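In full-length UniProt numbering, the protein residues as written are 1 to 86.
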């Protein structure tokens with residue numbers, strides 16, 4: 001189901017981009033080609049950055065256990081004594 005939404009959103013944005021590019025080229029050919037080329041360069045850079053961020057390692061996740069050792073970690077859940085004015 002996620003792929004259907006991805007296709008719908010990305011496909012709609014691509015169709016809108018192609019329609020705008022077609023209109024720009026019909027109106028002023030030479031000037032709009034440079035703008036469209038710049039937009040493609042920015043889009044490729046954004047895609048590369050997105051792939052880099054998606055492939056970057058994330059913090060490890062520790063599951064809860066019966067002893068509650070996850071609460072001894074530096075990023076443990078907040079308790080009442082951690083709140084100001086308590």
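Cβ coordinates follow ideal geometry from the N, Cα and C atoms, glycine included.
Quantities reported herein were computed from a predicted structural model and do not represent experimental measurements.
If you check the beta carbons only, do residue 13 and residue 36 fall under 9 Å apart?
Within the chain shown, numbered from 1, the residue matching residue 13 stands at position 13. Within the chain shown, numbered from 1, the residue matching residue 36 stands at position 36. Contact flag unset, no.
What first and last residue would you give for the alpha helix (DSSP H) that runs through residue 30?
As a first step, residue 30 must be located in the chain shown, where it is residue number 30. Unbroken alpha helix (DSSP H) run through residue 30: 29–55.
Measuring straight from C-alpha to C-alpha, what distance separates residue 34 and residue 40?
As a working note, residue 34 is residue 34 in the chain shown. As a working note, residue 40 is residue 40 in the chain shown. Distance between the alpha carbons of residue 34 and residue 40 is about 10 Å.
Are residue 76 and residue 70 closer than 9 Å when you measure CB to CB?
Here residue 76 is taken as the residue at index 76 of the chain shown, counted from 1. Here residue 70 is taken as the residue at index 70 of the chain shown, counted from 1. It is a contact, given that the beta carbons lie within the stated cut-off.
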